[in-house]
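To start, the structure itself, in structure tokens.
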Amino acid sequence: MGNHELYMRRRKPDTIEVQQMKAQAREEKHQKQLERQQLETEKKRRETVEREKEQMMREKEELMLRLRDYEEKTRKAEKELSDQIQRALKLEEERKRAQEEAGRLEADRLAALRAKEELERQAADQIKSQEQLATELAEYTAKIALLEEARRRKENEVEEWQLRAKEAQDDLVKTRE
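In this text, residue positions in the sequence shown follow our numbering: the first is 58, and each later residue adds one.
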């Protein structure tokens with residue numbers, strides 16, 4: 058068989074069966090290529106979904122940690138606020154008590170002043186010995202001085218409690234902000 062025959066055999070059109078087989082082979086090759094592309098696409102899609110899922114899980118964990126942190130801070134702030142409110146209430150009670158005590162001392166001082174005035178009037182109206190009047194007057198004057206001193210101390214105490222209550226109130230306002 059010569060070169061010419063080989064050439065002619067190659068140049069001869071394929072039979073219908075061969076053409077069908079070649080077409081079928083091309084179709085199968087094309088189908089396999091499509092399947093490979095689909096598998097590759099599906100694989101990439103799954104990897105993307107998996108990465109997104111992992112990212113979402115990390116973000117969820119991070120958000121949960123931040124939420125727990127915020128909850129803890131909120132609990133601490135609420136406890137601190139409650140403590141400050143309790144302190145403010147106690148300071149207010151102390152201030153009221155000191156103010157009431159100062160009021161009682163003032164009433165005692167006024168009563169002592171009235172008694173002193175009464176004694177002075179009686180001294181002018183009645184004839185008493187100078188020594189007795191001087192002694193009683195000195196006693197009431199000393200009592201008045203003691204009461205005035207006690208009243209001054211209580212007023213200072215009231216001012217101190219008012220200052221503390223104001224500081225507690227300011228702290229409370231700052232904490233609420």
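Even for Gly, the Cβ is constructed at its ideal location relative to N, Cα and C.
Start-to-end residues for the alpha helix (DSSP H) that takes in residue i
{"i": "Gly-160", "result": "73-182"}
Proximity winner among the options, relative to residue i (alpha-carbon distances)
{"i": "Ala-222", "options": "Glu-157, Gln-77, Glu-212 and Glu-151", "result": "Glu-151"}
{"i": "Glu-177", "options": "Asp-227, Glu-216 and Glu-196", "result": "Glu-196"}
{"i": "Leu-236", "options": "Glu-214, Arg-93 and Thr-232", "result": "Since the first residue of the chain shown is 58 and the last is 234, residue 236 is not available in this structure."}
{"i": "Asp-228", "options": "Ile-142, Met-113, Met-121 and Ala-191", "result": "Ile-142"}
{"i": "Glu-217", "options": "Ala-155, Arg-83 and Gln-179", "result": "Ala-155"}
{"i": "Glu-205", "options": "Ala-191, Thr-98, Glu-158 and Leu-220", "result": "Glu-158"}
Alpha-carbon spacing of residue i relative to residue j, whole angstroms
{"i": "Tyr-127", "j": "Arg-208", "result": "50 Å"}
{"i": "Gln-95", "j": "Lys-89", "result": "10 Å"}
{"i": "Leu-120", "j": "Glu-129", "result": "14 Å"}
{"i": "Lys-79", "j": "Arg-102", "result": "34 Å"}
{"i": "Ala-134", "j": "Met-114", "result": "30 Å"}
{"i": "Ala-242", "j": "Thr-198", "result": "Because the chain here runs from 58 to 234, residue 242 falls outside it and cannot be looked at."}
{"i": "Arg-123", "j": "Arg-161", "result": "56 Å"}
{"i": "Gln-179", "j": "Gln-226", "result": "52 Å"}
{"i": "Thr-72", "j": "Arg-108", "result": "53 Å"}
Counting only runs of 3+ residues fully inside the stretch 180-234, write out the beta strand (DSSP E) ranges in chain order.
-> Counting only runs of 3+ residues, no beta strand (DSSP E) is found wholly inside the stretch 180-234.
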